[in-house]
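In the working numbering, the protein residues as written are 346 to 410.
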């Protein structure tokens, strides 16, 4: 459960960071390629982590995704 909560918090923060970048871009500010790539890479890692946690939960319950 703690792993799930930690992953959910990371996902929320990552989504907020992406949302902030989108707001900046939509308001005419330049968002650097490196900054955007770093945010997307982190978001992808968090999604992978969440996927692993959910897989462990499924395995524990005896179900499959």
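All residues carry an ideal CB built from backbone N, CA and C; glycine is no exception.
Nothing here was measured: the structure is a model prediction, and the numbers come from that model.
Three-state class that DSSP yields for residue i in the structure shown
| i | result |
| --- | --- |
| residue 372 | coil |
| residue 377 | coil |
| residue 360 | helix |
| residue 407 | coil |
CA-to-CA distance, residue j to residue i, given in whole angstroms
| i | j | result |
| --- | --- | --- |
| residue 360 | residue 405 | 28 Å |
| residue 407 | residue 378 | 43 Å |
Pair within 8 Å by beta-carbon distance, residue i and residue j
| i | j | result |
| --- | --- | --- |
| residue 385 | residue 376 | no |
| residue 388 | residue 363 | yes |
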